[in-house]
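Colleague: So the sequences go chain by chain: B and V. Here this note's numbering = 1-based position in the first sequence + 36. Here this note's numbering = 1-based position in the second sequence + 324. Note that beta-carbon positions come from the ideal geometry of N, C-alpha and C, so glycine has one too. Pasting in a structure now, in structure tokens, and then I'll have a few things to ask.
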Amino acid sequence: MFKLILSDPSIFKTSFEAISSIVDEVQIEVDSDGLRLNAIDRSHITYVHLELKERLFDVFQCDEPIKLNVDTEELMKVLKRSKSDDVMELTVDGGSLIVTFEGAIKKTFKVKLIDLEYETPESPSIEYPVKITIPIKTLKESIQDIEIVADRVEFNIDQDFLKLKAVGEFSDAEVEYLHGEKVTEDARAIFAIENIKEMLKAEKFADTTYISLGDDMPLTLTLELLNEEGELSFLLAPRIEE
Amino acid sequence: KQRQTTLDMFF
Numbered sequence: 037m038f039k040l041i042l043s044d045p046s047i048f049k050t051s052f053e054a055i056s057s058i059v060d061e062v063q064i065e066v067d068s069d070g071l072r073l074n075a076i077d078r079s080h081i082t083y084v085h086l087e088l089k090e091r092l093f094d095v096f097q098c099d100e101p102i103k104l105n106v107d108t109e110e111l112m113k114v115l116k117r118s119k120s121d122d123v124m125e126l127t128v129d130g131g132s133l134i135v136t137f138e139g140a141i142k143k144t145f146k147v148k149l150i151d152l153e154y155e156t157p158e159s160p161s162i163e164y165p166v167k168i169t170i171p172i173k174t175l176k177e178s179i180q181d182i183e184i185v186a187d188r189v190e191f192n193i194d195q196d197f198l199k200l201k202a203v204g205e206f207s208d209a210e211v212e213y214l215h216g217e218k219v220t221e222d223a224r225a226i227f228a229i230e231n232i233k234e235m236l237k238a239e240k241f242a243d244t245t246y247i248s249l250g251d252d253m254p255l256t257l258t259l260e261l262l263n264e265e266g267e268l269s270f271l272l273a274p275r276i277e278e
Numbered sequence: 325k326q327r328q329t330t331l332d333m334f335f
């Protein structure tokens, strides 16, 4: 028996806004603990991990572990048809994922399950010297400030500030955010803004957002739901100076 | 000069 019911489909929708812009296909794994997926884009620049705990769902029936391979673009088209006050139900029938939204009207979509073309490695664990929290809206606005001058951004964290800096052909920009965390080391790394914007498409997911950084290390952006009921995290490879 | 790295070295 496999049936998941979520009274707030926006968690799913906002996760897949980002996931579908990064990867073409994903394997969604569901077992008695919850739902999770790991995926990496074809160029191996961005890794994404989604975890939704069993207790986040209003109904969670999953008698045996199941793997659902889906085309993210197709699933996103369906999720876009949900309204925030709809109740979402996921079931499986034969070779399809059945997605139902029920509000004023009831809509049922059958999304064909696919064969995956490649395997996704397990989530890497990286030790970071620096970790801060930042409201995701603040991060988004800062990136919007930076992107008017350049297509890459330097993240620089010291004991007081997160600074985002860019040097453009015609203009330079710098945004400073007083992070208020205990930071004992400095960290600096450069990233492509295009990739950061893909991750920020999930902005509505988050209650709390963490940035982990080290010198020329990947950026880890973690969006966490209240009571750790869910987590969406991204790992973005840096650009480095030759 | 800058270049884009990949995540391969972290797996």
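Report the partner residues of LEU73/B according to the DSSP bridge assignment.
Modeller: Partner(s): ILE64/B and LEU86/B.
Colleague: Who are the Cβ neighbours of GLU190/B in its own chain at under 6 Å, not counting the five residues just before and after it?
Modeller: Closer than 6 Å at the Cβ level, and outside the excluded window around GLU190/B, lie LYS201 and ILE226.
Colleague: Identify which residue in ILE58/B, SER46/B, ARG224/B and ILE81/B has its Cα closest to the Cα of GLN328/V.
Modeller: It is ILE81/B whose Cα lies nearest to the Cα of GLN328/V.
Colleague: At a CB-CB cut-off below 8 Å, which residues of chain V make contact with ILE162/B?
Modeller: The contacting residues are PHE334.
Colleague: For ASP181/B, report the span of its alpha helix (DSSP H) as first-last.
Modeller: 172-182 is the span of the alpha helix (DSSP H), which, as asked, contains ASP181/B.
Colleague: Against chain V, which members of the segment 79-97 of chain B pass a CB distance test of less than 9 Å?
Modeller: Answer set for the segment 79-97 of chain B: SER79, HIS80, ILE81, THR82 and TYR83.
Colleague: Please confirm whether PHE193/B and LEU249/B have their CB atoms less than 8 Å apart.
Modeller: Going by the sequence as given, residue 193/B is Ile instead of Phe. For ILE193/B and LEU249/B, yes; Cβs fall inside 8 Å.
Colleague: Between which two residues does the beta strand (DSSP E) carrying ALA54/B extend?
Modeller: No beta strand (DSSP E) holds ALA54/B; the alpha helix (DSSP H) holding it covers 46-58.
Colleague: For SER269/B, which residues in the same chain have their Cβ closer than 6 Å to its Cβ, ignoring the five residues on either side in sequence?
Modeller: Excluding positions up to five away in sequence, the list reads HIS85 and THR258.
Colleague: By the DSSP assignment, the alpha helix (DSSP H) with MET235/B in it spans what residues?
Modeller: Note, MET235/B: alpha helix (DSSP H), 229-236.
Colleague: Along chain V, in chain order, which residues have C-beta atoms closer than 7 Å to that of PRO157/B?
Modeller: Ordered by position in chain V, the residues that pass the 7 Å Cβ test against PRO157/B are PHE335.
Colleague: In chain V, which residues lie with their C-beta within 8 Å of the C-beta of ASP76/B?
Modeller: For clarity, residue 76/B is Ile in the given sequence; the question names Asp instead. By Cβ distance, chain V contributes LEU331.
Colleague: Which residue's Cα is closest to the Cα of GLU267/B: VAL128/B, ARG188/B, PHE93/B and SER51/B?
Modeller: For the residues VAL128/B, ARG188/B, PHE93/B and SER51/B, the minimum Cα distance to GLU267/B belongs to SER51/B.
Colleague: Name the chain V residues whose beta carbon is nearer than 7 Å to that of PRO254/B?
Modeller: Simply LEU331 and PHE334.
Colleague: If you reduce the DSSP assignment to three classes, tell me which class THR108/B lands in.
Modeller: Helix at THR108/B.
Colleague: For chain V, check one thing: does any of its Cβ atoms lie closer than 8 Å to the Cβ of GLU278/B?
Modeller: At least one chain V Cβ lies under 8 Å of GLU278/B.
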